[in-house]
Amino acid sequence: METLLSEKLGESMEEAVECKISEFGGLLTREAAVRLLCRQNGISIEREVRLADAPSASQPFSFRANIVKVYPAQTYSGGANKSLRVHLKDGDAEATLVLWNEHAEFAEREVFAGDELLVGGAYFRLGEVQLGKSGRLSVASRKAPPSLSGITHGLCDVEGVVSEVEPDYYFLDRKDGRERCLSSFLLCDSGGERRRAVFWERLEGFFPARGDELRLEGVVFKGGELHFGRQSRLIVKKSLSEKSGVLRGIRMEGEAVVFSLGDGEFRLGAVPALGLLGITAVPQGVLPSTLLLIKATQICGKPVKYGIGSDGKLLWIQPSG
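First residue of the sequence shown? That's 1129 in our numbering, and the numbers climb one at a time after it.
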């Protein structure tokens, strides 16, 4: 770093370093002062490392690694913030990459198991690789999942098109006596192979429609069926009901939540509306309308993609891009 800074500032480098340390009341180390001056002068201090060397990196770094698993996103502060973890592997080295907000949303819809990920501006903290707001994230290469006819028993990732959505089946859970809902649909591939996909809990805010092109990750293949669990992922790659537009506003009208989307408006109950926005729990003492207002300030006025059911209801919504 010092060599690059010296080439940029010449003889004035030492004076600039001393001034920077003095600016922070003498609390900066020389290395920290040099790093700040490099950033201020447009000098990149980032270096590319192997994943195995990430724990010893003392400055921001970039790397390439293959994705083993993408975990479901978690929301915080009533849905105001979101994080997502990605399990990575590079040769014999493995690590967890932690993503926040915009990076987490990108990974939710664009990053899949088997892909090679290119990460920049990362740092190692508390045993994990972290990516800050100014970090960079992109997919270097993709690996197609096996066809439906090529999967074997156990965990698997597959892609296909929904050929039929089956009626919900309600039953009593023997463990707690509660009524539960089993939802399912038939998934087919280009070779004509079909498999039944089963959810033991109804998905909140979204369920696939006939003609949707999906990717399923971390599902269990057993008894000829694809079973979803808590760590499974469902990604809509293409939807026949998919539309694009600007989310013009979200407002409360009595007990209903009104989404102004594109050139139309859609009314939902408060609970489905919260689920649609990724808010899975309402903290004690906080009104649902307060969470909706916070979320609205983050996403209103921005372009989004959204799905419309055959009955005209809003099924799902996600940022465009």
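Think of the CB as a built atom: it goes at the ideal place given N, C-alpha and C, for glycine as much as any other residue.
6 Å CB neighbourhood of residue i in its chain, flanking five on each side removed
i        : result
Gln-1451 : Residue 1451 is absent from the structure shown; the chain starts at 1129 and stops at 1449.
Ser-1367 : Asp-1340 and Gly-1435
Pro-1431 : Val-1374 and Ser-1448
Pro-1183 : Phe-1252
Phe-1152 : none
Asp-1243 : Ile-1195, Val-1267 and Arg-1270
Leu-1156 : Ile-1149
Ala-1201 : Lys-1210, Leu-1212, Ala-1232 and Glu-1236
Glu-1393 : Val-1386
Glu-1142 : none
Other residues of its chain near residue i: CB distance less than 7 Å, five sequence neighbours each side excluded
i        : result
Ala-1398 : Glu-1383, Val-1385 and Pro-1416
His-1355 : Val-1326, Val-1347 and Val-1348
Leu-1362 : Leu-1342 and Leu-1344
Glu-1370 : Lys-1433 and Gly-1435
Ala-1401 : Val-1385 and Leu-1420
Simplified DSSP assignment, three categories, for residue i
i        : result
Ser-1081 : It is not possible to answer for residue 1081, since the shown part of the chain is limited to 1129 through 1449.
Thr-1203 : strand
Lys-1271 : coil
Ala-1241 : coil
Pro-1431 : strand
Phe-1234 : helix
Asn-1169 : coil
Ala-1407 : One point to set straight first is that residue 1407 is Ile, not Ala, in the sequence displayed. The answer is coil: DSSP assigns Ile-1407 none of H, G, I, E or B.
Arg-1158 : helix
Leu-1368 : coil
Ala-1384 : strand
Asp-1218 : strand
Pro-1183 : helix
Leu-1375 : strand
Val-1198 : strand
Arg-1178 : coil
Lys-1148 : helix
Leu-1402 : helix
Ser-1211 : strand
Ser-1448 : coil
Leu-1442 : strand
Gly-1392 : strand
Expected contact under 8 Å - CB spacing of residue i and residue j to nearest Å
i        : j        : result
Ala-1250 : Phe-1189 : 6 Å
Alpha-carbon to alpha-carbon, residue j and residue i
i        : j        : result
Lys-1433 : Gly-1278 : 32 Å
Leu-1283 : Glu-1353 : 12 Å
Leu-1225 : Ser-1186 : 17 Å
Ser-1318 : Gln-1446 : 27 Å
Gly-1413 : Leu-1419 : 11 Å
Glu-1176 : Gly-1305 : 55 Å
Ala-1193 : Val-1239 : 12 Å
Thr-1280 : Lys-1271 : 18 Å
Pro-1273 : Val-1286 : 5 Å
Tyr-1204 : Lys-1210 : 6 Å
Ala-1235 : Phe-1335 : 20 Å
Glu-1381 : Arg-1395 : 9 Å
Trp-1328 : Phe-1313 : 12 Å
Gly-1255 : Gln-1168 : 29 Å
Arg-1070 : Phe-1191 : The structure shown has nothing for residue 1070, since the chain only spans 1129 to 1449.
Lys-1452 : Ser-1372 : This structure cannot settle anything about residue 1452, because the visible part of the chain is limited to 1129 through 1449.
Ala-1337 : Val-1290 : 7 Å
Ala-1144 : Leu-1259 : 29 Å
Ser-1134 : Val-1162 : 10 Å
Leu-1165 : Gln-1426 : 33 Å
Leu-1086 : Glu-1292 : Here the chain comprises residues numbered 1129 to 1449, so residue 1086 is not present and cannot be evaluated.
Gly-1440 : Tyr-1199 : 31 Å
Lys-1136 : Val-1247 : 27 Å
Lys-1261 : Trp-1228 : 8 Å
Ala-1241 : Ser-1388 : 35 Å
Ser-1140 : Thr-1131 : 13 Å
Gly-1263 : Glu-1146 : 29 Å
Pro-1295 : Gly-1170 : 59 Å
Cys-1309 : Ala-1160 : 57 Å
Gly-1138 : Gly-1154 : 23 Å
Asp-1218 : Leu-1265 : 16 Å
Asp-1220 : Gly-1357 : 28 Å
Ile-1407 : Asp-1181 : 37 Å
Cβ shell of residue i (< 8 Å), same chain only, five flanking positions each side left out
i        : result
Glu-1307 : Tyr-1298, Phe-1299, Leu-1300 and Asp-1301
Leu-1276 : Val-1286, Gly-1288, Leu-1315, Cys-1316, Asp-1317, Gly-1319, Glu-1321, Arg-1322 and Arg-1323
Leu-1216 : Leu-1179, Ala-1193, Asn-1194, Ile-1195, Val-1196, Glu-1222, Ala-1223, Thr-1224, Leu-1225, Leu-1245 and Val-1257
Cys-1428 : Leu-1375, Arg-1376, Gly-1377 and Ile-1378
Asp-1391 : Gly-1373
Gly-1351 : none
Glu-1230 : Lys-1261
beta-carbon residue i near the ligand FMN non-hydrogen atom, thresh 7 Å
i        : result
Glu-1329 : Among the ligands in the structure shown, none appear at all, so the ligand FMN cannot be discussed.
Those runs of the beta strand (DSSP E) which lie wholly inside the region 1315 to 1365 and span at least 3 residues:
1322 to 1327, 1341 to 1350 and 1353 to 1355
Pick out the complete alpha helix (DSSP H) segments inside the region 1271 to 1305, 4 residues or longer, and give them in chain order.
none
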